[in-house]
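Notes to accompany the following structure.
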Amino acid sequence: MRRPGYRQPLKQQLGGVKAMFTRLSVAVIVVVICMFLLMSAMSSSNSNSSSAEINTEALWGTAASDGWRASSAPRSDWPPPASESNGYLRVRCNGGLNQQRSAICNAVLAARIMNATLVLPELDANSFWHDDSGFQGIYDVEHFIKTLKYDVRIVESIPEIRKNGKVKKIKAKQVYIAPAKFDHVLLKALMDFKKAFFFQIRPPRDAPISWYTTEALKTMKEHGAIYLTPFSHRLAEEIDYPEYQRLRCRVNYHALRFKPHIIDLSQSIVDKLRSQGHFMTIHLRFEMDMLAFAGCFDIFSPEEQKILKKYRQENFAEKRLVYDERRAIGKCPLTPEEVGLILRAMGFDNSTRIYLAAGELFGGERFMKPFRSMFPRLENHSTVDTTGELGKNTMGLLGSAVDYMVCLLSDIFMPTYDGPSNFANNLLGHRLYYGFRTTIRPDRKALAPIFIDREKGHTAGFDEAVRRAMLKTNFGGPHKRISPESFYTNSWPECFCKKSAVNPADKCPPHDVVEILNSQMESEGINDFEASGSNLTAAVDK
Numbered sequence: 003m004r005r006p007g008y009r010q011p012l013k014q015q016l017g018g019v020k021a022m023f024t025r026l027s028v029a030v031i032v033v034v035i036c037m038f039l040l041m042s043a044m045s046s047s048n049s050n051s052s053s054a055e056i057n058t059e060a061l062w063g064t065a066a067s068d069g070w071r072a073s074s075a076p077r078s079d080w081p082p083p084a085s086e087s088n089g090y091l092r093v094r095c096n097g098g099l100n101q102q103r104s105a106i107c108n109a110v111l112a113a114r115i116m117n118a119t120l121v122l123p124e125l126d127a128n129s130f131w132h133d134d135s136g137f138q139g140i141y142d143v144e145h146f147i148k149t150l151k152y153d154v155r156i157v158e159s160i161p162e163i164r165k166n167g168k169v170k171k172i173k174a175k176q177v178y179i180a181p182a183k184f185d186h187v188l189l190k191a192l193m194d195f196k197k198a199f200f201f202q203i204r205p206p207r208d209a210p211i212s213w214y215t216t217e218a219l220k221t222m223k224e225h226g227a228i229y230l231t232p233f234s235h236r237l238a239e240e241i242d243y244p245e246y247q248r249l250r251c252r253v254n255y256h257a258l259r260f261k262p263h264i265i266d267l268s269q270s271i272v273d274k275l276r277s278q279g280h281f282m283t284i285h286l287r288f289e290m291d292m293l294a295f296a297g298c299f300d301i302f303s304p305e306e307q308k309i310l311k312k313y314r315q316e317n318f319a320e321k322r323l324v325y326d327e328r329r330a331i332g333k334c335p336l337t338p339e340e341v342g343l344i345l346r347a348m349g350f351d352n353s354t355r356i357y358l359a360a361g362e363l364f365g366g367e368r369f370m371k372p373f374r375s376m377f378p379r380l381e382n383h384s385t386v387d388t389t390g391e392l393g394k395n396t397m398g399l400l401g402s403a404v405d406y407m408v409c410l411l412s413d414i415f416m417p418t419y420d421g422p423s424n425f426a427n428n429l430l431g432h433r434l435y436y437g438f439r440t441t442i443r444p445d446r447k448a449l450a451p452i453f454i455d456r457e458k459g460h461t462a463g464f465d466e467a468v469r470r471a472m473l474k475t476n477f478g479g480p481h482k483r484i485s486p487e488s489f490y491t492n493s494w495p496e497c498f499c500k501k502s503a504v505n506p507a508d509k510c511p512p513h514d515v516v517e518i519l520n521s522q523m524e525s526e527g528i529n530d531f532e533a534s535g536s537n538l539t540a541a542v543d544k
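Residue numbers for the sequence shown, in this note's numbering: 3 to 544.
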């Protein structure tokens, strides 16, 4: 028991004060940390909130180029085609207009690789388009030949071969080279062409350059001419030689020019659309063939599902496809309503003018109605074509060519399914080359769970979630090509350059590149082409 008036020793008093001070310090530190975490969370929340906004007004312009510009002119030694070639090369380009376009680029490159004279490519239009226009009916032949004069020799048809004063026709044997075994040659029936004979070969898919410099070249030298068919995806896309890739760009973006009447018709449609301000084009790939390919059936009626399944059985390999699984990983084409919801969430309003590039939408107006209610200012080539020419050619190459040009020249282009769609993929690459024109590429895999939640009634935060997903995509600026992205979708960096580049390989070619190429042709004694470098100059000045 303590006595009255007892006091603790000074040492004990100081120890108590010290303990109290320590506890107080810890408390202050905890409070400071909590306030810091709270402020960080609020800052992060505000930052995320602001980053989820999309400046739609800026999208009507072009994407940031970071100093890059298109250039497909040669940057290293590029000798002209030899005065004598190893023979004639003819190809049959199968598929739709844009699949054929890629095949034409590959045909020119194959001719360059083999030092062959290219016969104007044959377009297989009858199987799908029921259109026999051919190369001459769609493309400007004179422009095509003249633009590529520094690269390959091109003839419209194979001439008769004269040897020792006598006319000689090329041997008429057809062969098949098995994809898995290049050295195995099977002789088949004789093939007779109107004026000349070609040794027919079926090239392996995505054949390497070595196949063309060995098997194909050997056959060409032996028989004088070869006919490669089919020729869709018959040359590897990724080639470790930038000059070959730049040749592909020269073909795709400079030599392949539609005929004047197609360009004029397309320009008149663009002028009409732009007379009221900016406009957007959408490739609405909600068509029977793509839906059947993707295996996305469940949103359709039983009768419509029968049609899709029948089409799939007749045209695609058998495969187990479960709709819910396909939908969850973004393998289904976006519905028209989903496209509208994306655009609305991004900030586009109902005054936005939209041109639809599409074939016949499967399911009809019931799928278009929700989209039309959100964006009523819809057009397609039949509603804006005052000439009536497209109405007579709705399933032909002309309609596809006009849609391509309108989409190329639009302020914004949005593909809704850019998987196996050659139309969308080629346009993405062309718009990139044409000056980094804005593209909206929905990430279907990222968007799928957002749409699925919405369908389950979870609508809160839907627009913000869509914006976040879209902000992670590229809106048309330069970006690294990563598989499975195609070279025809993104030719950066091979077909682009910088005036002041750190890497010498990225530097733009000299301004006198045309004069250099002309002098090379003259030194080789090649003067039977009209001397005009205007087309290649355009490639340099882009």
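Glycine included, every Cβ here is placed at the ideal spot set by N, Cα and C.
Asked, Found
"Backbone secondary structure at HIS460 - three-state DSSP", "coil"
"Whether ARG456 touches ALA54 by CB criterion (8 Å)", "no"
"Segment contact flag, the region 112 to 124 with the region 92 to 103, C-beta cutoff 8 Å, min 3 pairs", "yes"
"Neighbour-count burial assignment, ILE454, 16 or more Cβ in a 10 Å radius", "exposed"
"C-alpha distance - TYR255 paired with TYR435, whole-angstrom precision", "8 Å"
"Inter-residue spacing [alpha-carbon to alpha-carbon] between LEU267 and HIS285", "19 Å"
"Three-way DSSP call (helix, strand, coil) for ILE56 in this model", "coil"
"Three or more C-beta pairs below 8 Å linking the region 265 to 279 and the region 153 to 160", "no"
"Best match in VAL341, LYS274, ARG71, GLN307 for proximity to ARG443 [C-alpha to C-alpha]", "VAL341"
"Unbroken alpha helix (DSSP H) run spanning THR440, endpoints", "From DSSP, THR440 is part of no alpha helix (DSSP H); its letter is neither H nor E."
"ASN48 - DSSP class collapsed to helix/strand/coil", "Low confidence applies here, because ASN48 scores a pLDDT of 44, under 50, leaving its location unreliable; read the following figure in that light. Helix at ASN48."
"PRO82 vs LEU363 beta-carbon contact at 8 Å", "no"
"Spatially closest choice to LYS333 from LYS447, ALA462, ARG77, ASN505, by CA coordinates", "LYS447"
"Buried or exposed by the 16-neighbour rule on C-beta atoms within 10 Å, applied to PRO506", "exposed"
"Nonlocal neighbours in the same chain, by C-beta distance under 6 Å from SER74, ignoring five residues either side", "ARG248, CYS251, ARG252, CYS497, ALA541"
"Rounded straight-line distance, which links the Cα of ALA84 to that of GLU524", "12 Å"
"Cβ pair PHE377, ILE356 closer than 8 Å", "yes"
"Within 8 Å, strictly: CB atoms of LEU399 and SER234", "no"
"Option nearest LEU219 by Cα separation, candidates ASN88, PHE137, SER303, LEU237", "ASN88"
"Alpha helix (DSSP H) runs wholly inside the region 103 to 148, at least 4 long, in chain order", "136 to 140"
"ALA65 versus ILE344 - alpha carbon distance", "20 Å"
"Counted within 10 angstroms of its Cβ, other Cβ atoms place VAL504 as buried (16 or more) or exposed", "exposed"
"Unbroken alpha helix (DSSP H) run spanning GLN2, endpoints", "Here the chain has residues from 3 to 544 only, and residue 2 is not among them."
"Backbone secondary structure at ILE301 - three-state DSSP", "coil"
"CA-to-CA distance, PRO76 to GLN522, given in whole angstroms", "13 Å"
"Residue from LEU430, ALA347, TRP80 with nearest C-alpha to ILE115", "TRP80"
"Beta-bridge partners of LEU285, as assigned by DSSP", "The identity of residue 285 in the sequence shown is His, whereas the question assumes Leu. HIS285 pairs with ALA359, PRO417."
"Meets three-Cβ-pair contact criterion under 8 Å: the region 311 to 330 and the region 424 to 431", "no"
"Backbone CA spacing between GLN138 and LEU258 [nearest angstrom]", "11 Å"
"Beta-carbon contacts of LYS500 that lie in its chain and below 8 Å, excluding the five residues immediately before and after", "GLY69, TRP70, ARG71, ASP508, LYS509, CYS510"
"DSSP state of GLN307 mapped onto helix, strand, coil", "helix"
"Spatial distance of ARG328 from PHE288 (CA atoms)", "16 Å"
"Which residues DSSP lists as bridging VAL157, in chain order", "VAL121"
"GLY463 to PRO495 span [Cα, whole Å]", "38 Å"
"Inter-residue CB distance, LEU410 and GLY401 (contact presumed, cutoff 8 Å)", "The Cβ separation is near 15 Å, so there is no contact."
"Cβ-Cβ distance between PRO205 and ARG236 below 8 Å", "yes"
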